[in-house]
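In what follows, a structure is listed as structure tokens, so that the remarks can point back to it.
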Ligand code: PMP
């Protein structure tokens, strides 16, 4: 009976989301590519934008454009209000305690670089260790390597198994009182694995280490609560959650952010400046030097409201069902090897097809109007771990349908015949 009621519950949540209706909110989806209706399956690279976000950008530039925080005039006040309201929207969305803990950045990459350059330079010393996992995006590898090189610290890597799952026992073995910080992704962009971040963070803290979570691939698919997770830092990019490019978020616990030195100097990040001494501004402005990306921050706020309206529970259930369907259908194609078969996955299907180079697959699919990604997905160590040069990757959002999957499967069959 219990299983039955769960099934009914999931089914109800799935039908609570109407992808056909939602698709109409995304004008870009309604077009032909190479004479075929577009099937957009590159959502892990970037997501499409609902009309509400596009309208908010246009409205801002048509009605409210002004610099923030400095003007007494009406437009500046409107721009400031909308920019700060978006910050509060992000704060609530992440379950952070205060808006001051939400720093605007250019995206996940800049958020992680902010932590390595500010917290890292101030706190990491020769002999210290930093732990990441073997399934990180380059933006959660290279900044740590640069820090380690500068400081004489060591980067250690938690291995993954053949399904692409984080090896928790190996993680436990690598932790020690030399570990300063653990930095892992919440969801892998190359494999789709959902990592057990709550447990990873808890164990890091037992060793006195901090924990940074790269949430670039998580926030559009899973509910996140940074206070419940108890992570020290959480990073994500607006463009992966239906918002504009060029804006992203670093969440940090207030006490940590307070103690961290600013990364960039300039306007807005100061309280007072003399040639002898500058007093830095309070949070979050201490980390937001110069005129910020006002319009896109506002757009991000609207994107999050849109996701809240659709509901992450409904999105998660719908996408789980779609991923399962895609995994079964694509997995049944002769010669397919799925890379990333973790028990807990979100919205990513990476694969190879026989000896066909993923770039060739991508090109054939493009001619069919289907957008997927082919390459190393900025995760070259993952490719090396699975001994492939590249994979083809279909990645889903709630506006994708079973029909999109069927089109993908038909195009893959066609590619198989072409290259046979
Ligand atoms: N981490 C992960 C897991 C990602 O998927 C990406 C983007 N592909 C990034 C970090 C970097 O994000 P951005 O390029 O928006 O800074």
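In the working numbering, the protein residues as written are 6 to 425. Positions of the beta carbon are idealized from the N, C-alpha and C atoms, including for glycine.
> If you draw a straight line from the C-alpha of residue 458 to the C-alpha of residue 226, how long is it?
Replying inline: Residue 458 is absent from the structure shown; the chain starts at 6 and stops at 425.
> Between 314, 307 and 383, which lies nearest to residue 91 when the distance is taken from Cα to Cα?
Replying inline: Numbered from its first residue, the chain shown carries residue 91 at position 86. Comparing alpha-carbon positions, the option among 314, 307 and 383 lying closest to residue 91 turns out to be 307.
> Closest to residue 47 by CA distance: which of 108, 228, 73 and 244 is it?
Replying inline: As a working mapping, residue 47 is identified with position 42 in the chain shown. Among 108, 228, 73 and 244, the Cα nearest to that of residue 47 belongs to 244.
> What are the boundary residues of the alpha helix (DSSP H) that residue 95 is part of?
Replying inline: Working through the chain shown from its first residue, we reach residue 95 at position 90. Looking at the DSSP string, the run of the alpha helix (DSSP H) that includes residue 95 is 79–99.
> Would you call the segment 113–133 and the segment 216–235 touching, i.e. three or more CB-CB distances under 8 Å?
Replying inline: These segments touch.
> Do you know whose CA, among 421, 33 and 209, lies nearest residue 178's CA?
Replying inline: Working through the chain shown from its first residue, we reach residue 178 at position 173. When the alpha-carbon of residue 178 is set against those of 421, 33 and 209, the nearest one is in 209.
> Span of the beta strand (DSSP E) holding residue 397?
Replying inline: Locating residue 397 in the chain shown gives position 392, counting from the first residue. Start and end: 396–400.
> At what residues does the alpha helix (DSSP H) containing residue 114 begin and finish?
Replying inline: Locating residue 114 in the chain shown gives position 109, counting from the first residue. Per DSSP, residue 114 belongs to the alpha helix (DSSP H) from 113–119.
>> Considering just the uninterrupted stretch of the alpha helix (DSSP H) at residue 333, what are its terminal residues?
In response: In the chain shown, the residue the question calls residue 333 occupies position 328. Unbroken alpha helix (DSSP H) run through residue 333: 317–336.
>> Taking 8 Å as the cut-off, does the segment 401–420 touch the segment 369–377 (at least 3 CB pairs, one atom from each stretch)?
In response: yes
> If we ignore side chains and look at the alpha-carbon of each, how far apart do residue 41 and residue 99 end up?
Replying inline: Within the chain shown, numbered from 1, the residue matching residue 41 stands at position 36. Within the chain shown, numbered from 1, the residue matching residue 99 stands at position 94. Taking the straight line joining both Cα atoms gives about 39 Å.
>> Am I right that residue 184 and residue 234 are in contact with their C-beta atoms under 8 Å? What's the rounded C-beta distance?
In response: Position 179 of the chain shown, counted from the first residue, corresponds to residue 184. Position 229 of the chain shown, counted from the first residue, corresponds to residue 234. Not quite, the Cβ-Cβ distance comes to about 18 Å (not below 8 Å), so this is no contact.
> With a cut-off of 8 Å, do at least 3 Cβ pairs link the segment 271–288 to the segment 124–138?
Replying inline: no
>> So, at 8 Å on beta carbons, what are the nonlocal neighbours of residue 24 in its own chain, with the 5 sequence-adjacent residues on each side left out?
In response: Within the chain shown, residue 24 is the residue found at index 19, counting from 1. 323, 403, 404, 405 and 406, listed in sequence order.
> If you run the structure through DSSP and keep just helix, strand and coil, what is residue 173?
Replying inline: Counting from one through the chain shown, the residue named residue 173 turns up at place 168. Residue 173 falls in the helix class under three-state DSSP.
> Would you call the segment 326–341 and the segment 161–177 touching, i.e. three or more CB-CB distances under 8 Å?
Replying inline: no
> Among 63, 61, 59 and 84, which one has its Cα closest to the Cα of residue 71?
Replying inline: Counted from its first residue, the chain shown places residue 71 at position 66. Comparing Cα-Cα distances from residue 71 to each of 63, 61, 59 and 84, the minimum goes to 84.
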